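Colleague: This structure is in structure tokens; I'll ask about it shortly.
Numbering (the working numbering), first residue to last: 799 to 1157.
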């Protein structure tokens, strides 16, 4: 900037000298007589005035050009310029923990769909750390938890008149949605997520005008009504061999308690007929391999009895599965302790006796 001002000063000085400004008038050494003698011959002042005006105009334009040049030199260049940095402080306030709920909230009264979607995405991101830091629980683990070993002595009872209750038992037996189911069968209440019904269909179930078989079927179908869609079940009717409910081509798998599966189960149960002999062991082992929470075991056969070794095998294979036993018989119970009462007692289940003559 100083060099530019010096150059501008030099230009102005040259212009002023060219126009006759700043120079002292030249004095001639003539004598007074000579000067007076030449007064008559001195030219007129017109051209001198014209030259002075021209010089002033040239001076003004020169000054203008100098300032324009200075302005152009000092104008900031286009494109990238110098960056001016400023140090600032940033305070980060941690966000409050999200209110985690079982289901993401949708539209609210004063919100929009976009806000709901943004809130849901933020909730998913905030829970990412927990998913990485801890092993996630499988959805199936919540729906189908591992059964626990039942404890205590079996409760025994006697049911004489047959009177099927309302579907699934009384209304208070229905568990919370997604929770454990509580189902009733001949007065016994079973609780869990997975149930297997093992019912005798030997020829003796046809006695008394098939009342034992009809009563067993009615109680079974009423019990299924206590299951929700998150619960699972399987049905095994057996004589000398098992007959397994097979709704989807997988006879050894449990079926979910959907309305469609319940309708299929009803058709299956109604088609069962009683015939043949009795072999308990194969049907019980098949049910244990399905790993339910509860097994309802119904039979009218006091003979053949399971041996103590067979009972021990069943209890050992149960490993926490509760087995409730329902015994059909004629008249009062003939003995207070048999393989059915022992199985129920050793697996934490209940035993009930039903007099078929009073059905």
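Glycine is no exception: its CB is placed at the ideal position from the N, C-alpha and C atoms. Computed from a predicted structure; not experimentally measured.
My understanding is that residue 1104 touches residue 1009, with C-beta atoms under 8 Å, so please give their C-beta distance in whole angstroms.
Modeller: Contact doesn't hold; Cβ gap of about 26 Å is too wide.
Colleague: Leaving out the 5 sequence neighbours to the left and right, which residues in its chain are closer than 6 Å to residue 1004 when beta-carbon positions are compared?
Modeller: Cβ within range, chain order: 1072.
Colleague: What beta strand (DSSP E) runs, 3 residues minimum, are completely inside the region 974-1033?
Modeller: Entirely contained in the region 974-1033, the beta strand (DSSP E) runs reaching 3 residues are, in chain order, 979-983, 986-990 and 992-998.
Colleague: Are the region 1053-1066 and the region 1018-1026 touching, with three or more C-beta to C-beta distances below 8 Å?
Modeller: Touching, per the Cβ criterion.
Colleague: Going by DSSP, name the residue or residues bridged to residue 1096.
Modeller: BP columns for residue 1096 point to 997 and 1124.
Colleague: Taking just the CA atoms, how far does residue 1145 sit from residue 1016?
Modeller: So the alpha carbons of these two residues sit roughly 26 Å apart.
Colleague: Taking residue 1094 as the reference, which of 1131, 861 and 1139 has the closest Cα?
Modeller: Nearest C-alpha to residue 1094: 1139.
Colleague: Does residue 1072 come out as helix, strand or coil in the three-state DSSP assignment?
Modeller: Residue state, collapsed to three classes: coil.
Colleague: Helix, strand or coil: how does DSSP classify residue 1157 here?
Modeller: The answer is coil: DSSP assigns residue 1157 none of H, G, I, E or B.
Colleague: CA-CA distance, residue 1046 and residue 1069?
Modeller: For residue 1046 and residue 1069, the distance between alpha carbons rounds to 17 Å.
Colleague: Please determine if the region 1084-1091 and the region 987-994 are in contact, where contact requires at least 3 C-beta pairs separated by less than 8 Å.
Modeller: Verdict: yes, contact present.
Colleague: Do the region 1033-1052 and the region 1077-1084 meet, that is, are 3 or more Cβ pairs less than 8 Å apart?
Modeller: Taking 8 Å as the limit for Cβ pairs, the verdict is that the region 1077-1084 does touch the region 1033-1052.
Colleague: CA-CA distance, residue 1148 and residue 983?
Modeller: When rounded, the distance between both Cα atoms is 11 Å.
Colleague: Residue 1086 lies in the alpha helix (DSSP H); which residues open and close that run?
Modeller: It spans 1078-1087 - the alpha helix (DSSP H) in which residue 1086 sits, taken as one unbroken run.
Colleague: Give me, in chain order, the residues of the same chain whose beta-carbon lies closer than 7 Å to that of residue 1027; leave out the 5 immediate sequence neighbours on both sides.
Modeller: Taken in chain order, the residues that qualify are 1054, 1055 and 1056.
Colleague: Does the distance from the CB of residue 1029 to the CB of residue 1085 come in under 9 Å?
Modeller: Taking 9 Å as the Cβ cut-off, residue 1029 and residue 1085 do not qualify as a contacting pair.
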